[in-house]
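Asks: FYI, the numbering for the first sequence is 1 to 272, going by UniProt numbering.
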Amino acid sequence: MENGIETESEEQEQSNSSQDHHQKWITEQDNLREKLISEDNFTWKLPAAPRIGSQELRFVGGFDISFSKDDPSMACGTLVVLDFRTLQLVYQDFSFVTLHVPYVPGFLAFREAPVLLHILEKMKRSDNPFYPQVLMVDGNGILHPRGFGLACHVGVMANLPTIGIGKSLHHVDGLHHSRVRKLLEAEENSSKDFIPLVGCSGQTWGVAMRSSQSSIKPIYISIGHRISLQTATAIVQMTCKYRIPEPIRQADIRSRDYIRKFEMNARLKQNH
DNA sequence: GCGACAG
DNA sequence: ATCTTGTCGC
1 MENGIETESE
11 EQEQSNSSQD
21 HHQKWITEQD
31 NLREKLISED
41 NFTWKLPAAP
51 RIGSQELRFV
61 GGFDISFSKD
71 DPSMACGTLV
81 VLDFRTLQLV
91 YQDFSFVTLH
101 VPYVPGFLAF
111 REAPVLLHIL
121 EKMKRSDNPF
131 YPQVLMVDGN
141 GILHPRGFGL
151 ACHVGVMANL
161 PTIGIGKSLH
171 HVDGLHHSRV
181 RKLLEAEENS
191 SKDFIPLVGC
201 SGQTWGVAMR
211 SSQSSIKPIY
221 ISIGHRISLQ
231 TATAIVQMTC
241 KYRIPEPIRQ
251 ADIRSRDYIR
261 KFEMNARLKQ
271 NH
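Structure follows, in structure tokens:
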């Protein structure tokens, strides 16, 4: 009985302190959100776009993190940069780190953003000519409970145009699976592969996109920073060879590869 | 009160 | 995120 009560109060304290921490995180998200730019804000143009006197988009970045199955706190953040026209890799970098911040839905940025910002900063410091003009992030932008997901967070902090790519739907403003499924089915016959994600409030949070013919499961595109949804959608479409756009897909593949090699090395050491 | 909840 | 086999199709 006494143990039961004691445990309960400890849990209560834990719960309270984590609630406090979440409140700090919420405040930080609310503050950063004031700097968010949700329209095109860059000097380049898309191919065939009539923007006189500006260079075409050339370098598209992608970011992802993979985790060790042996020790889930060990992670590898990977940044790749692809040539927009050829989708060939022109740059890659890895950051092997130990993460102490847990994943909490709605607060992904506090876990993953520092890793990405570190790799970006390193690249910028060295004046690397392949520094991305726009960055795709594995996670949502404004498609988020407070309209400020991972893609917005890194976009504002790195002052870089960013696009959020979700592989599953984060439920926001009445947007849940059955509602999106209905929207998809309704538009399916009209051969549209983009479905605006309009919530109950009437706000457009992003688009669901059937990126490849083989998969019925959509990806969820939302703006991060300094880009319009229309431009973001066009860029994602132009970089999709498979369901996941190439920048994210390459980052994912190479990140997993890095972790696997690390684990292999660890095994070899252990055995002899 | 219960369930839902990007990666 | 990660664990996991085969399987269907171009």
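We put the beta carbon where it would ideally sit given N, CA and C, even for glycine.
Confirm, please, whether the CB-CB distance from isoleucine 142 to serine 79 is below 8 Å.
Replies: In the sequence as displayed, the identity of residue 79 is leucine instead of serine. Not a contact, by the Cβ cut-off of 8 Å.
Asks: Roughly how many whole angstroms lie between the Cα atoms of arginine 85 and arginine 58?
Replies: Roughly 7 Å between the two C-alpha positions.
Asks: Give every residue of the same chain whose Cβ lies closer than 6 Å to the Cβ of alanine 109, excluding the five residues on either side of it in the sequence, and list them in chain order.
Replies: Counting only Cβ-Cβ distances below 6 Å, and skipping sequence neighbours, we find Leu150, His153.
Asks: By the DSSP assignment, the beta strand (DSSP E) with valine 115 in it spans what residues?
Replies: Segment 108-125 is the alpha helix (DSSP H) holding valine 115; no beta strand (DSSP E) there.
Asks: Any contact of the stretch 176-187 with the stretch 154-161, i.e. 3+ C-beta pairs under 8 Å?
Replies: No, the stretch 176-187 is not in contact with the stretch 154-161.
Asks: So isoleucine 223 and aspartate 64 are supposed to be a Cβ contact under 8 Å. How far apart are they, rounded?
Replies: At roughly 19 Å, the Cβ-Cβ gap does not stay under 8 Å, so isoleucine 223 and aspartate 64 are not in contact.
Asks: Please say whether valine 156 and lysine 35 have beta carbons closer to each other than 8 Å?
Replies: Contact flag set, yes.
Asks: Find the nearest neighbour of lysine 167 within the set Gln55, Phe67, Ile219, Gln213, judged by alpha-carbon distance.
Replies: Of the listed residues, the one whose Cα sits closest to lysine 167 is Ile219.
Asks: Going by DSSP, name the residue or residues bridged to proline 105.
Replies: Paired residues: none, contrary to the question.
Asks: Any idea if asparagine 189 is buried or exposed, counting beta-carbon neighbours within 10 angstroms, 16 or more meaning buried?
Replies: Per-residue confidence for asparagine 189 stands at a pLDDT of 49, beneath the threshold of 50, marking its modelled position as unreliable; the derived number appears in the next sentence. With fewer than 16 Cβ atoms within 10 Å of its Cβ, asparagine 189 is classed as exposed.
Asks: Are the CB atoms of methionine 209 and valine 236 nearer to each other than 8 Å?
Replies: Cβ distance < 8 Å, so methionine 209 and valine 236 count as in contact.
Asks: Hey, glutamine 67 and arginine 226: beta-carbon distance below 8 Å or not?
Replies: Looking at the sequence itself, residue 67 is phenylalanine, so the reference to glutamine does not match. Not a contact, by the Cβ cut-off of 8 Å.
Asks: Taking arginine 33 and phenylalanine 148 to be in contact with their CB atoms under 8 Å, please state how far apart those CB atoms are, rounded to whole angstroms.
Replies: Indeed, because the Cβ distance is near 5 Å, the residues count as touching under 8 Å.
Asks: Please state whether DSSP places tyrosine 258 in a helix, a strand or coil.
Replies: Residue state, collapsed to three classes: helix.
Asks: Keeping to the same chain, check which residues put their C-beta closer than 7 Å to that of valine 172; ignore five residues upstream and five downstream.
Replies: So the list reads Leu143, His144, Pro145, Gly199, Trp205, once near-sequence residues are dropped.
Asks: Whose C-alpha, out of Phe94, Ala49, Gln19, Leu82, is nearest the C-alpha of arginine 254?
Replies: Comparing Cα positions, the closest option is Phe94.
Asks: Taking the alpha carbon of alanine 266 as the reference point, which residue from Asp71, Glu185, Gln230, Gly77 has its own alpha carbon closest?
Replies: When each option's Cα is compared against that of alanine 266, the closest is Asp71.
Asks: To the nearest angstrom, how far is the alpha carbon of phenylalanine 123 from that of tyrosine 131?
Replies: Checking the displayed sequence, the identity of residue 123 turns out to be methionine instead of phenylalanine. Approximately 7 Å, taken between the alpha carbons.
Asks: Assuming valine 81 and valine 97 are in contact, meaning their beta carbons sit under 8 Å apart, how far apart are those beta carbons, in whole angstroms?
Replies: Going by Cβ atoms, the distance from valine 81 to valine 97 rounds to 20 Å, so no, they are not a contact pair.
Asks: Taking C-alpha atoms, which residue in Gln203, Ala232, Glu185 lies nearest to isoleucine 216?
Replies: With distances taken between Cα atoms, isoleucine 216 lies closest to Glu185.
Asks: Considering histidine 225, what are the terminal residues of the beta strand (DSSP E) in which it resides?
Replies: Residues 219-225.
Asks: For isoleucine 244 and valine 137, what's the separation of their Cα atoms in angstroms?
Replies: Their Cα atoms are separated by approximately 11 Å.
Asks: Compare the beta carbon distance of serine 228 and glutamate 39 with 8 Å and say whether it is the shorter of the two.
Replies: Contact: yes.
Asks: Would serine 211 be called buried (16 or more neighbouring beta carbons within 10 Å of its own) or exposed?
Replies: Buried, by the Cβ-count rule.
Asks: Rounded to whole angstroms, what's the CA-CA distance from leucine 117 to alanine 232? Just pull it up for me.
Replies: About 21 Å.
Asks: Should glycine 53 go down as buried or exposed, given a rule of 16 or more other Cβ atoms within 10 Å for buried?
Replies: So glycine 53 ends up on the exposed side.
Asks: Would you tell me roughly how many angstroms separate the C-alpha atoms of valine 207 and serine 201, rounded to the nearest one?
Replies: Spanning the two alpha carbons is a distance of roughly 16 Å.
Asks: So, at 6 Å on beta carbons, what are the nonlocal neighbours of serine 73 in its own chain, with the 5 sequence-adjacent residues on each side left out?
Replies: For serine 73, where only same-chain residues beyond five positions count, the Cβ hits under 6 Å are Thr98, Leu99.
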